[in-house]
Amino acid sequence: MSRPELTGSASLFYNAKEARKYDSSSRMVGIQREITLRAIELLHFPDDGKKRFLLDIGCGSGLSGQVLSENGHIWVGCDVSRDMLDVANERLADAAASKPGRSHNSMANMAMADDDDDSSSSKEESANGTVCGDLMHHDMGSGLPFRPGTFDGCISISALQWLCYSNSAGQVPKQRLMRFFSSLYQVLRRGARAVLQFYPETAEQAILISECAAKVGFAGGIVVDYPNSAKAKKHYLVLSFDRSTKTPAALSETSLLGEKGDYGVRVDQTGKKKGKHVRKKKGGGKTKEWILQKKETQRKRGKDVKADTKFTGRKRPTRF
Numbered sequence: 389m390s391r392p393e394l395t396g397s398a399s400l401f402y403n404a405k406e407a408r409k410y411d412s413s414s415r416m417v418g419i420q421r422e423i424t425l426r427a428i429e430l431l432h433f434p435d436d437g438k439k440r441f442l443l444d445i446g447c448g449s450g451l452s453g454q455v456l457s458e459n460g461h462i463w464v465g466c467d468v469s470r471d472m473l474d475v476a477n478e479r480l481a482d483a484a485a486s487k488p489g490r491s492h493n494s495m496a497n498m499a500m501a502d503d504d505d506d507s508s509s510s511k512e513e514s515a516n517g518t519v520c521g522d523l524m525h526h527d528m529g530s531g532l533p534f535r536p537g538t539f540d541g542c543i544s545i546s547a548l549q550w551l552c553y554s555n556s557a558g559q560v561p562k563q564r565l566m567r568f569f570s571s572l573y574q575v576l577r578r579g580a581r582a583v584l585q586f587y588p589e590t591a592e593q594a595i596l597i598s599e600c601a602a603k604v605g606f607a608g609g610i611v612v613d614y615p616n617s618a619k620a621k622k623h624y625l626v627l628s629f630d631r632s633t634k635t636p637a638a639l640s641e642t643s644l645l646g647e648k649g650d651y652g653v654r655v656d657q658t659g660k661k662k663g664k665h666v667r668k669k670k671g672g673g674k675t676k677e678w679i680l681q682k683k684e685t686q687r688k689r690g691k692d693v694k695a696d697t698k699f700t701g702r703k704r705p706t707r708f
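Throughout, the working numbering is defined as the position within the sequence shown, counted from one, plus 388.
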């Protein structure tokens with residue numbers, strides 16, 4: 389199965405059919421809950437019983453927001469897919485319907501620096517009747533349109549990797565990442581943390597993301613849970629303002645990009661990854677299956693690729 393990021397924009401991939409399929413899958417619901425709970429743990433809030441105002445970037449159908457509400461937090465979610473937000477709106481409307489006769493101002497509008505983007509009017513309510521969630525239609529690659537110092541923390545589940553791909557001539561991945569992290573740095577309160585879970589296609593993408601976060605002033609690094617498992621492996625970019633804070637321990641001993649230890653990959657102020665340089669091993673030629681898969685990926689990206697023939701990937705005879 390190819391990565392959804394290679395098929396085009398997230399707003400097109402997550403159409404009405406895909407949004408319903410995503411939200412009704414018990415497997416996806418379970419994975420989203422597990423990742424969100426881990427993200428809340430990595431935010432490392434003190435156990436003081438206070439509610440936090442959190443930003444959920446790439447909130448999708450509201451599965452992660454539901455977990456935030458269950459843990460007593462207030463949140464605003466934004467997503468580029470209107471169809472995913474429609475599903476999320478239904479979930480929040482059902483929760484709000486259980487508390488009739490209440491009216492609330494939109495938390496998204498109160499937090500926004502301007503009103504250029506759409507904000508939903510449906511909110512989720514907790515058991516005591518207070519509003520817990522609000523939604524906004526927005527592309528995170530264009531920057532976050534909120535007032536400075538608004539949020540006590542931020543989470544993002546399976547969304548950040550979309551910024552590493554270009555869907556038009558005007559979209560430059562590095563520029564979109566810089567714009568996103570620069571605005572995230574502004575909207576968080578000093579002392580807050582951000583935990584962004586993502587699925588990098590390559591190690592280079594993970595390095596690019598870390599470097600862009602470091603260039604705008606963030607400290608922190610990547611925590612990799614279960615790095616030796618093909619299915620359970622999860623990457624969390626944990627960001628903070630305090631450079632003396634250690635990156636939280638992963639759920640296993642090894643980390644991304646060959647650097648061993650309990651604290652994952654750290655990024656210094658210049659944006660360079662610390663640790664020894666890992667050289668690529670020689671040998672191990674490219675197989676026919678690898679070449680065919682590579683050509684198919686290039687075709688999906690719209691590049692001109694030669695047609696496959698019986699000679700594709702055929703091993704050349706030895707020198708004479």
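Think of the CB as a built atom: it goes at the ideal place given N, C-alpha and C, for glycine as much as any other residue.
Cβ-based burial, residue i [other Cβ within 10 Å; buried from 16]
| i | result |
| --- | --- |
| F699 | exposed |
| Q559 | exposed |
| W463 | buried |
| A620 | exposed |
| T697 | exposed |
| G690 | exposed |
| H623 | buried |
| L473 | buried |
| G448 | buried |
| T538 | buried |
| H432 | exposed |
| P418 | Position check: residue 418 holds Gly in this sequence, whereas Pro was assumed. Under this definition G418 is an exposed residue. |
| Q735 | Since the displayed the chain opens at 389 and closes at 708, residue 735 lies outside it and no answer follows. |
| L639 | exposed |
| L400 | exposed |
| R564 | buried |
| D467 | buried |
Proximity of residue i and residue j at Cβ, strictly below 8 Å
| i | j | result |
| --- | --- | --- |
| V611 | T633 | no |
| R440 | D540 | yes |
| G521 | G453 | yes |
| A398 | S469 | yes |
| G531 | S571 | yes |
| Q549 | E393 | yes |
| A547 | D471 | no |
| L443 | V575 | yes |
| P536 | M500 | no |
Straight-line Cα distance separating residue j from residue i
| i | j | result |
| --- | --- | --- |
| C552 | F586 | 11 Å |
| T395 | S556 | 12 Å |
| N390 | E589 | Asn is not the amino acid found at residue 390; the sequence shown has Ser there. If I take the Cα positions, the gap works out to 11 Å. |
| V583 | F606 | 12 Å |
| K544 | L680 | Just to set this straight, residue 544 is Ser in the shown sequence, not Lys. In a straight line, the C-alpha of S544 is about 34 Å away from that of L680. |
| K409 | L523 | 20 Å |
| S628 | V693 | 43 Å |
| T677 | K603 | The sequence shown places Glu at residue 677, rather than the Thr named in the question. Near 39 Å, if we compare the C-alpha coordinates of K603 and E677. |
| V475 | C542 | 22 Å |
| P561 | A591 | 15 Å |
| R479 | S457 | 12 Å |
| D650 | C600 | Residue confidence is low: D650 scores 45 on pLDDT, short of 50, so the model does not pin down where it sits. Its coordinate-derived value is still stated next. Looking at the two C-alpha atoms, the distance is approximately 23 Å. |
| I428 | A484 | 24 Å |
Bridge partners - residue i, DSSP secondary structure assignment
| i | result |
| --- | --- |
| W463 | L442 and G521 |
| Y624 | Q585 and V611 |
- Message: Extract the residue ranges of the alpha helix (DSSP H) inside the region 587-619, only unbroken runs of 4 or more that lie entirely within it.
- Response: 591-603
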